[in-house]
Amino acid sequence: MEATSSIISIPPPLQLKPNSTKPNSVSLSHRFLPHKSYKTVTLRSFHRRTAVPPPRYLATKIAGDRSASLLDKHITQRLSLDQCTRFSCFQHGRRKQLPICKSMPTAFADKSVFHLSKHGVGNVFGKRVRVPCAAVGPDEPHAASTAWPDGVLEQQASDNFSIDTESSEWREFQEFLGSKLPSHPKLYRGQLDNGLRYLILPNKVPQNRFEAHMEVHAGSIDEEDDEQGIAHMIEHVAFLGSKKREKLLRTGARSNAYTDFHHTVFHIHSPTSMQDSDEDLLPSVLDALNEIAFYPKFLTSRVEKERRAILSELQMMNTIEYRVDCQLLQHLHSENKLSKRFPIGLEEQIKKWDAEKIRKFHERWYFPANATLYIVGDIDNIAKTVHHIKGVFGQKHVESEAPVVPKTSAFGAMANFLVPKFTGGISAESSHDRSSLLVDQSKLTKRERHAVRPPVEHNWSLPGKHEDAKSPQIFQHELLQNFSINMFCKIPVNKVQTYGDLRNVLMKRIFLSALHFRINSRYKSSSPPFTSIELDHSDSGREGCTVTTLTVSAEPKSWQGAIKVAAQEVRRLKEFGVTKGELARYLDALLKDSEQLAAMSDNISSVDNLDFVMESDALGHMVMDHKHSHESLIAVAGTITLEEVNYIGAQVLEYISDFGKASAPVPAAIVACVPKKVHVDGVGEIDFKITPSEITAAIEQGLKEPIEPEAEFEVPKELITSKELDDLKLQLAPSFVSSGSSALRVHDIETGITQCRLSNGITINYKISKSETCGGVMRLIVGGGRAAETPETRGAVVLGVRTLSEGGRVGNFTREQVELFCVNHLINCSLESTEEFLCMEFRFTTRNNGMRAAFQLLHMVLEHSVWLEDAFDRARQLYLSYYRSIPKSLERSTAHKLMIAMLDEDERFVEPTPHSLQNLTLQTVKDAVMNQFVSDNMEVSVVGDFSEEEIESCVMDYLGTVRATKGAERALSYTPIEFRPSPNDLHFQQVFLKDTDERACAYIAGPAPNRWGYTVDGRDLLEATSNVSVNNVAQSENEGQLAKAENINTNLPNKYRNHPLFFAIAVGLLAEIINSRLFTEVRDSQGLTYDVSFDLNLFDRLHLGWYVISVTSTPGKVHRAVDACKSVLRGLHGKRIAEHELDRAKRTLLMKHEAETKSNAYWLGLIAHLQAASVHRKDISCIKDMTMLYEVASIEDVYMAYEQLKIDDQSLYCCIGIAGAQAGDEVLGSSVDEEYVGGLHGVIPVGRGSHTMTMPTT
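Numbered per my numbering, the sequence shown spans residues 4 to 1261.
Listed below in structure tokens is the structure:
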């Protein structure tokens, strides 16, 4: 996602509930959806957040979201505008989980998931935050233009407060505000004689690895009318056509590339040296980047291959969310070229370019002076690094002309935030074969960066502009489910270079942080008029401006009320400002967060720091390290006043609060995205009608509503008093007890993990970790989950978790008090329901009693949760709305239909139906959840920077005083889960969706064992495979060919195959190998898709699992793509796994494991279930032996896992989804009636009894 640039990294006030359109953050059907962010990088930082971000400038996002979890944030109908503005070579790859020590403070965010794949859409960690870091001066040619029109700054100054400007104190104060902020002390900049700029930043996380990004300052904005999409085409051809990049495949490096409006970036993430060798890999990486950027081979075969891939990508991207994003972008920038140059390009043009046409664009824009090289990582010797840069990119013969001073560009380098940088599998043997390039370089004369970029002019939203305001624009589409409206305001970027600039940022941040609570505290009815109200104020290097966006989402029937509420609350905040209590509260929270980040400054990853550098180059902000940032914030915090905060903050809201007034800033655009039809209970679908004048009237009416000043709000300092705690301890006498041994605590020295058990039955796992300074994470897991739902209570567990989230109350404390308690202590709390478990997860700081506060909240939820009827009504309505939206999503409806078929219509694995939801009561859902929250069914795991005394004190005080309850046996019992018996007529199905544009997707799935080797038919594979001799398996493998494969350890001790983790390791390696083959065959060789992936869903407690292949394609190719995927899946016997494939899979997974061990979140996952009775095979050896198991795994082991996947015709299920104007016409023409299929109304049933219709598998 687009970089949020802000020094102030604390998020705005918490949002306690997940998005109403996605009650479970990852729906059941989304288990089939591949982990892809759909190029989710936004025009602005709508949804960026990070666990450990470097300092960020001017990012102010305020959310009054009544339903969206801060941990899983998707604005209704809008994934992210950068879907339109950035495109990447690979849709798979870097799937980096955020450390969970840092995010927006929040209580009770419901992030229930239903994984088909561990990479479900909307995964709480799916959206990576990448943040920036470096100083840039106004002479940087790729910095965004931040010039205000003449006279504007003077006009603002004249409006400021009247203060005695003659006093010495005032002059000293002004000198302080005008002084420069300290720049990052480790950032090194330079420029070669040929004009190539380079930046180097040493960074130790992760160790022995570095990032090298080559940014070419050319993108879609540079294309002529007949070249729309050619910049993206060059990115594909140059990157995937590089032989030197391919040679890096065996070093453990990863690479990708992407294109946006103004630049194209090729990046490589590499080890610093070869494994078992001291050979420096930096020269080879630079050599590969040099070939990619400046010496690509435009072979006709490669051009044709990438043409097919891009055309498939174009259709894959063209979701309704993408089209909404395009509409917003087009109207926001209707006056300039940004609205007409989406990087993906135009299909009709992409189809006809030849290699010569592409080469000409490359010659025009790709040269050293028009590029910047970024290197961030574990680099100790700057001089040596510069030497390597000069050796690879320097030129022998350069004209000694004087450099041309370029004009400031209106746009330029933008950071690659939240772009899916997916592994194209790169890395390889080291190569220093650069002689041919040196010859070519000697012929290259010096060229300067183009001084004048294509003109991009903005119509700024400035006070005093008396032009007629634009009429609201309406985008109406049959695939939209809910109403949303965006009001945009755009102004030039204010560079944050001085203490005064930072002070203004801080005051805006404080001011806007109040909006969420203002809204959330006033509207608690069972039918709130809005789903979410959000205000975003952030800089965008991608667009070269600062954009303020008010986004209002609602059910269509309530859209007018939602707009009125938003307008009224914005006007209230603008007119009366924040209170003294709010000022103190949010300033304190911002400073605490800044202090936390400063303490963690040595744990920032290289990619996060690199992204920060790139975005800062675009915006012209001063870049500080975390420690300098915190010191600077402290320096300005004591100078702000309530009056100034309200004055500065009010300016941000004037375009809304003074809407229609001649003196108000004119909105850059107002865009409503609405459905064509809406559901009315008892009536069905009716047309939805709305006009621009009605929208304007709703805004004006909201601004006329009466307003009153905000009352001060009492925030609790603690949820349990010392006296209450002492009384509980006296009454319950908590203690640690032995568990299976004489020791009260079992401590493993190698891993640092301690296991213990409380007298009430709660088991505890904890690990002291210094990886994330002053940060901690905690997870409560209880067995049960949705599997415990009976036929009479389908949906009760997931609806109950949502109800608890909607209420947000504990004991006598209101929801607002609990939220503010979390803000003050920097706590995030989320609830989650899966098929197997209920979870509560906390992120906290260990400073200022933050850990004790998190334990207090956990205690209160377990002992004093409050269940409210209106919260139950809201939760049920959200699920009803979400269910009705399924037929409007091609991916979700296709996945839903497949899940229903494969699991024999077991509703525990799909969204609850309206019939089930209506049968539930508040008492039913409360019982379903609380019956699982019994103490002998609870396991709590904690990882963080604390002492043994601190953690055990918290455990004893707040978990030891939870009353002992029994019921684990009942909670863990469930009706058996079965795959649909075969043969049946549902193995192949199709879904047709009427749409204006054509798209297609498919899912192929089948049964697999669970993580520990148990199968749905009761077999124990771990026991079976441990008794299989190597010779027996070899003979069964196609006349013994497997035994002939190199490097099989025929003497592998059976004890490794007896290991509890054996099957999980083997099947994980298998998944890596299948994914690599799918990419090579289905995408690269046959050109049938842009995106294909293989994922495994392996349960821990339930005795089953499944695999799924997800593939996107065109309607004309999707059947062939499915057959090609099946061929790869079934082809591992015909085309044996090679040793180099296994080595690559091992290296990928081991490097990922090594990198993730620096994360508290990763360790939290590792230690989960260590003492869970329902996951009895997991023990400490599963953590200690993981690396060894990967290293000793053989090809034979992988084939053992492969044999457990059911891939025959009677076990494999496939569902193809096709969208288009004529989709399904032939079916309708054959008089097949629309019916209620799998609980979904409106999905045309195709394929029942027709599984033989698929093309023959090749």
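For every residue, glycine included, the Cβ atom is placed at its ideal position computed from N, Cα and C. Please read these numbers as outputs of a predicted model, since none were measured by experiment.
{"Asked": "Using only CA atoms, which one of S774, I765, F739, T796 lies nearest to G755?", "Found": "S774"}
{"Asked": "Decide yes or no for the touch test of the stretch 212 to 230 against the stretch 339 to 355: beta carbon pairs closer than 8 Å, at least 3 of them.", "Found": "yes"}
{"Asked": "At the level of alpha carbons, what is the spacing between E634 and A671?", "Found": "37 Å"}
{"Asked": "Which residue's Cα is closest to the Cα of Y882: D907, S632, K567, P915?", "Found": "P915"}
{"Asked": "If distances are taken between C-alpha atoms only, which option among L1152, I1007, L1153 comes closest to S1130?", "Found": "I1007"}
{"Asked": "In whole angstroms, what is the alpha-carbon distance linking W870 and P532?", "Found": "22 Å"}
{"Asked": "In angstroms with no decimal places, state the Cα-to-Cα distance between S597 and F847.", "Found": "14 Å"}
{"Asked": "Taking the alpha-carbon of L860 as reference, which of K720, T999, S772, L996 has the nearest alpha-carbon?", "Found": "K720"}
{"Asked": "Contact check, V943 vs I1076 under 8 Å by CB: the rounded distance?", "Found": "V943 to I1076, Cβ: 37 Å. No contact."}
{"Asked": "Taking contact to mean at least 3 C-beta pairs separated by less than 8 Å, is the stretch 181 to 198 in contact with the stretch 500 to 515?", "Found": "yes"}
{"Asked": "What first and last residue would you give for the alpha helix (DSSP H) that runs through K630?", "Found": "629 to 640"}
{"Asked": "Can you say whether E1275 is buried or exposed, counting buried as having 16 or more other CB atoms within 10 angstroms of its CB?", "Found": "One cannot answer for residue 1275 here, as it falls past the ends of the chain, which runs 4 to 1261."}
{"Asked": "Exposed or buried, what is E338 when buried is set at 16 or more other beta-carbons lying within 10 Å of its beta-carbon?", "Found": "exposed"}
{"Asked": "Taking the alpha-carbon of H239 as reference, which of E227, R253, L538, S258 has the nearest alpha-carbon?", "Found": "S258"}
{"Asked": "In chain order, what residues of the same chain have a beta carbon less than 7 Å from the beta carbon of T1151, not counting five sequence neighbours either side?", "Found": "E1075"}
{"Asked": "Just to confirm before moving on: does the CB-CB distance between G380 and E214 stay below 9 Å?", "Found": "yes"}
{"Asked": "For Q231 and D876, I'd like the C-alpha separation in whole angstroms.", "Found": "49 Å"}
{"Asked": "Do S833 and V946 count as a contact pair if the criterion is CB distance below 9 Å?", "Found": "no"}
{"Asked": "In or out: H918 buried (at least 16 other Cβ within 10 Å) or exposed?", "Found": "exposed"}
{"Asked": "For E646, does the three-state DSSP call read helix, strand or coil?", "Found": "helix"}
{"Asked": "Can you tell me which of A260, G814, T1160, L1208 puts its alpha carbon nearest to the alpha carbon of L1135?", "Found": "L1208"}
{"Asked": "Thinking C-beta only, is T897 closer than 9 Å to A1005?", "Found": "yes"}
{"Asked": "Contact check, K779 vs N1163 under 8 Å by CB: the rounded distance?", "Found": "Sequence inspection shows Gly at residue 779; the Lys mentioned does not correspond to that position. Indeed they touch by this definition, with Cβ atoms about 7 Å apart."}
{"Asked": "In the DSSP assignment, what are the bridge partners of N827?", "Found": "N827 pairs with nothing; no bridge assigned."}
{"Asked": "Beta-carbon within less than 8 Å of K354's beta-carbon, same chain only, minus the 5 sequence neighbours each way: which residues are those?", "Found": "R310, L314"}
{"Asked": "H519 to G564, Cα distance in whole Å?", "Found": "17 Å"}
{"Asked": "If contacts are defined as beta-carbon pairs under 8 Å, then A260 and F269 qualify, I think. What distance do you get, rounded to the angstrom?", "Found": "5 Å"}
{"Asked": "Alpha helix (DSSP H) containing E1075: first to last residue?", "Found": "1065 to 1081"}
{"Asked": "Tell me the residue span of the alpha helix (DSSP H) that contains W2.", "Found": "Residue 2 lies beyond the range of the chain shown here (4 to 1261); nothing can be said about it."}
{"Asked": "Go through its chain and collect everything with a Cβ distance to E753's Cβ below 7 Å, but skip five positions before and after it.", "Found": "K1187"}
{"Asked": "Going by the beta-carbon positions, is the gap between L509 and L590 smaller than 9 Å?", "Found": "yes"}
{"Asked": "Starting from K577, trace the alpha helix (DSSP H) both ways and give me its first and last residue.", "Found": "562 to 579"}
{"Asked": "Rank Q278, K891, H187, R782 by C-alpha distance to the C-alpha of D1146 and give the top, closest one.", "Found": "Q278"}
{"Asked": "Considering only residues of the same chain and omitting the five flanking positions on each side of K1047, which have a CB-CB separation below 8 Å?", "Found": "Its pLDDT being 35, under 50, K1047 is placed unreliably in this model, and the coordinates cannot settle the point."}
{"Asked": "Which residues mark the beginning and the end of the beta strand (DSSP E) in which L376 is found?", "Found": "374 to 380"}
{"Asked": "Between which two residues does the beta strand (DSSP E) containing S258 stretch?", "Found": "257 to 263"}
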